[in-house]
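Trainee: Under this note's numbering, think of the first position of the sequence shown as 290, with each following residue one higher.
C-beta: ideal position from N, C-alpha, C; glycine also.
Quick caveat, the model's predicted, so the values are computed rather than measured.
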Amino acid sequence: MGRSRSWLWALGGAVLASAVWTAVVFAPGGFADQGQEGSGSPDLAGYEFRKNICPDTDLSALKEEYPEEESKPTSEATTHKALDAMWCTTTLKPSGAEYSNATVSVEMWLYKKTDPAANFAAQYESFEQRGDDENAYAVRKVAGIGDVAYLVTPEEPRETGSSAYLAVREGWMTYQISWSNYVSSNDTGVTEPDLSEVEEMLKLDTKATLAKLKS
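#1: Express the C-alpha separation of Leu399 and Trp376 in angstroms, rounding to a whole number.
#2: Does the distance from the CB of Gly435 to the CB of Arg458 come in under 8 Å?
#3: First and last residue of the alpha helix (DSSP H) that includes Tyr413?
#4: Who are the Cβ neighbours of Ser467 in its own chain at under 6 Å, not counting the five residues just before and after it?
#5: Mapping the DSSP letters down to three states, classify Lys430 as helix, strand or coil.
#6: Does the beta-carbon distance from Met490 to Ala386 come in below 8 Å?
#7: Which residues bound the beta strand (DSSP E) around Thr392?
#8: May I ask you to list the residues that DSSP assigns as paired with Gln465?
#9: Is Glu365 buried or exposed, if buried means 16 or more other CB atoms sit within 10 Å of its CB?
#10: Between Asp494 and Thr346, what straight-line distance do the alpha-carbon atoms span, to the nearest angstrom?
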């Protein structure tokens with residue numbers, strides 16, 4: 290029941306064996322050794338390393354669209370003197386769906402040696418250069434979340450599967466929530482949600498999650 294073109298591979302990333310939630314091409318840690326070496330203490334904006342961020346990952350808005358859990362949330366975390374990284378991923382389902390689902394992943398990176406600002410901006414502002422005619426994406430800034438935030442969505446609506454991303458930088462912390470949707474033709478009555486609604490859900494859940502992770 291898989292898609293003809295995986296959203297992860299379409300963007301040129303590699304799926305990590307134990308974590309559907311991310312692709313290497315998206316990982317801000319991939320740029321960790323290219324940032325501006327900071328002087329003094331890093332600006333982590335009140336965020337701290339947590340072994341498991343899943344309990345504080347708030348998906349209340351998305352769960353209005355996807356009220357059923359296909360899988361329990363799973364987490365990973367790594368800590369290093371230069372960079373802390375945390376992930377949480379879960380798969381949700383619309384009511385009554387047997388095959389259709391949405392994979393939602395959250396990742397947070399705390400940079401302790403380098404300022405990620407320039408690389409973070411370049412990573413998302415150049416996103417429109419990735420993909421192809423069938424998988425083109427639009428990027429726009431989102432006001433009111435962190436120091437800077439970017440929303441990445443498909444250029445055109447898709448009938449059976451879409452993906453969207455909301456990325457935030459606050460100080461030397463970067464965050465991304467990704468949503469990857471799959472609609473099966475075997476699930477009568479299940480349709481692709483409107484992207485404007487998905488965008489709003491991602492914004493609401495991001496604000497709620499960051500507030501919890503900062504407290």
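Mentor: Inspection of the coordinates gives the following:
#1: Within the sequence shown, numbered from 1, the residue matching residue 376 stands at position 87. Within the sequence shown, numbered from 1, the residue matching residue 399 stands at position 110. One C-alpha to the other measures close to 12 Å.
#2: Counting from 1 along the sequence shown, the entry for residue 435 is found at position 146. Counting from 1 along the sequence shown, the entry for residue 458 is found at position 169. Yes, Cβ-Cβ distance for Gly435 and Arg458 is below 8 Å.
#3: For the purposes of this step, residue 413 is taken as residue 124 along the sequence shown, with counting starting at 1. First-last of the alpha helix (DSSP H) with Tyr413: 406-414.
#4: The sequence position of residue 467 within the sequence shown is 178, counting from 1. Correct list, in chain order: Ser394, Tyr454.
#5: Locating residue 430 in the sequence shown gives position 141, where the first residue counts as 1. Lys430 falls in the strand class under three-state DSSP.
#6: Against the sequence shown, residue 490 aligns to sequence position 201. Against the sequence shown, residue 386 aligns to sequence position 97. Going by C-beta atoms, Met490 is not nearer than 8 Å to Ala386.
#7: Residue 392 sits at position 103 when you count from the first residue of the sequence shown. Taken as a continuous stretch (DSSP letters only), the beta strand (DSSP E) holding Thr392 covers 390-400.
#8: Numbered from 1 along the sequence shown, position 176 holds the residue referred to as residue 465. Note: Gln465 sits in a beta bridge opposite Glu396, Ala456.
#9: Here residue 365 is taken as the residue at index 76 of the sequence shown, counted from 1. Flag for Glu365 reads buried.
#10: Along the sequence shown, read from residue 1 onward, the residue named residue 494 stands at position 205. Along the sequence shown, read from residue 1 onward, the residue named residue 346 stands at position 57. About 8 Å.
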